[in-house]
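Asker: Right, I'll just put the structure down here and ask away after.
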Amino acid sequence: MRKPTDIACFPLYWRPGRVAFLDDDPDYLEMLAEVMPEDWAVSLFEQPAAFIRSLQQEPPLESTDEWQHRRMLERWRDGAALIPQLVEYWRQDGQARYARHNVCVVDYSMPAMNGIEALDELVQWSGHRVLLTGRADEQIAVRAFNRGIIDQYIPKQSPDITERLISCVRELRALTSERLQQTWRNTLSWTQLQLMRDTSVAGALRAALDQRGCVEHFVIGDPFGVLALDAEGRSWWLQLETPRRLEELAQLAQEIGFDAQTQNDIRAGRCVLDAELTLGLGRSRRQAERHPAQRLDCGPELYGACIALSEAWCPGAASAYRSYLDRARLLRG
Numbered sequence: 001m002r003k004p005t006d007i008a009c010f011p012l013y014w015r016p017g018r019v020a021f022l023d024d025d026p027d028y029l030e031m032l033a034e035v036m037p038e039d040w041a042v043s044l045f046e047q048p049a050a051f052i053r054s055l056q057q058e059p060p061l062e063s064t065d066e067w068q069h070r071r072m073l074e075r076w077r078d079g080a081a082l083i084p085q086l087v088e089y090w091r092q093d094g095q096a097r098y099a100r101h102n103v104c105v106v107d108y109s110m111p112a113m114n115g116i117e118a119l120d121e122l123v124q125w126s127g128h129r130v131l132l133t134g135r136a137d138e139q140i141a142v143r144a145f146n147r148g149i150i151d152q153y154i155p156k157q158s159p160d161i162t163e164r165l166i167s168c169v170r171e172l173r174a175l176t177s178e179r180l181q182q183t184w185r186n187t188l189s190w191t192q193l194q195l196m197r198d199t200s201v202a203g204a205l206r207a208a209l210d211q212r213g214c215v216e217h218f219v220i221g222d223p224f225g226v227l228a229l230d231a232e233g234r235s236w237w238l239q240l241e242t243p244r245r246l247e248e249l250a251q252l253a254q255e256i257g258f259d260a261q262t263q264n265d266i267r268a269g270r271c272v273l274d275a276e277l278t279l280g281l282g283r284s285r286r287q288a289e290r291h292p293a294q295r296l297d298c299g300p301e302l303y304g305a306c307i308a309l310s311e312a313w314c315p316g317a318a319s320a321y322r323s324y325l326d327r328a329r330l331l332r333g
């Protein structure tokens, strides 16, 4: 099994991808499509050749996408703010990134080509692989697992096959590209990266984003927070502050002219100023606004404020995952 990256417990970048199913039984494929969660985009393939052809087209697209991420980071190092670049990336990409697969589920026993042979053809494809096996196929699956060809295998005859398959795919969908993790860690300080490695922090961040229906996000260190996109194409900024930073924000609030109560609320973590966000969006820090904040439900002392960005900083419906699902939730190859 290929190990997920240990860079962060909370992914520094994550987006949803499609799940591909390959099985020569069309009725079984339709059953799988019906039981998969509604917010998963699913592709059904009966023929190995069509499955292989479709997924082999994706590695060059992924390479181009990774180059775009690295280019944004290079511009940031040259002085360009990150948040406008990330919003423009979403706007320019539209929904193309959602059309690429990040997990495939393949039946082993097929007449034209078995599942291992089909997966062996996907030399460059970097997604995660699940093999469905029959009673006599377990040793074959174990060998494939040990060789790193598959991430997991599930016996088709399991009485709880549906639950096991959904659980397995959900876990694999939650993983992200190690190369993109490496790219985005470069914006974080050592302290910020350690926070992202804390499991309780990861849980608190997921809960905050889930509450607002977010489906995609970047973690950045300057300013420190999570830029997220919800299913409707709206942008959210989850501003993160440590106790030391709260004191600095309170001093900034005093300089800008906020009253003593606001300064005390900032020190107590009851509110924050969006000064770095405001600066990153091309305005003066003196235009910063206060936003309600609270301590996150995690071990380290960390405070968060979830801020809805204005329409000018939202890529909109053309980049929305919801509209992508509406037109392409189920595709047949």
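Going by full-length UniProt numbering, 203 is the number at position 203 of the sequence shown; the sequence numbering is gapless. All residues carry an ideal CB built from backbone N, CA and C; glycine is no exception.
1) What is the rounded straight-line gap between the Cα of Glu138 and the Cα of Leu131?
2) Under a three-way DSSP split, which group does Phe258 fall into?
3) So, for Gln152: in the same chain, excluding its five sequence neighbours on each side, which residues have a beta-carbon less than 6 Å away from its beta-carbon?
4) Using 8 Å as the cut-off, can you tell me whether the segment 179-195 makes contact with the segment 70-83, which would need three or more C-beta pairs spanning the two stretches below that distance?
5) Can you list, in chain order, the residues of its chain whose CB lies under 6 Å from that of Arg283, leaving out five sequence neighbours each side?
6) Please identify the residue among Glu163, Phe145, Ile166 whose C-alpha is closest to the C-alpha of Asp120.
7) Quick check: the segment 194-207 against the segment 87-99, are there 3 or more CB pairs under 8 Å?
8) I need the straight-line Cα distance from Leu86 to Glu46, nearest angstrom please.
9) Let me make sure I understand the geometry here. Which of Ala41, Tyr303, Ala202, Arg170 has the alpha-carbon closest to that of Gly269?
10) Please state whether the Cβ-Cβ distance between residue 334 and Ala41 is less than 7 Å.
11) So the beta strand (DSSP E) Trp237 belongs to, where does it begin and stop?
12) By the 10 Å Cβ neighbour count, where 16 or more other Cβ atoms means buried, how is Leu325 classified, buried or exposed?
13) Terminal residues of the continuous beta strand (DSSP E) containing Arg18?
14) The beta strand (DSSP E) that contains Ile150, what's its start and end?
15) Check for me: the alpha helix (DSSP H) holding Ala208 runs from which residue to which?
16) Tell me the residue span of the alpha helix (DSSP H) that contains Cys271.
17) Trp125 by DSSP, collapsed to three states: which one?
18) Report the rounded CA-to-CA distance for Ala275 versus Glu289, giving the unit in angstroms.
19) How is the beta strand (DSSP E) around Asp93 delimited, first residue to last?
20) Rounded to whole angstroms, what is the Cα-Cα separation between Trp237 and Glu311?
21) Relative to the alpha-carbon of Ile266, which residue among Glu38, Ser109, Leu252 has its alpha-carbon at the smallest distance?
22) Are there 16 or more other CB atoms within 10 angstroms of the CB of Pro292, so buried, or fewer, so exposed?
23) For Thr242, which of Leu195, Ile166, Leu22, Ala20 has the nearest alpha-carbon?
24) If you draw a straight line from the alpha carbon of Asp259 to that of Ala250, how long is it in whole angstroms?
Answerer: In short, the structure shows the following:
1) 10 Å
2) coil
3) Val130, Cys168
4) yes
5) none
6) Phe145
7) no
8) 38 Å
9) Tyr303
10) There is no way to answer for residue 334, as the model of the chain reaches only from 1 to 333.
11) 235-241
12) buried
13) 18-22
14) Element bounds for Ile150: n/a, residue is neither H nor E.
15) 199-211
16) Run containing Cys271: none in the alpha helix (DSSP H); it sits in the beta strand (DSSP E), 271-273.
17) coil
18) 7 Å
19) Careful: Asp93 lies outside any beta strand (DSSP E), inside the alpha helix (DSSP H) at 82-93.
20) 13 Å
21) Leu252
22) exposed
23) Leu195
24) 10 Å
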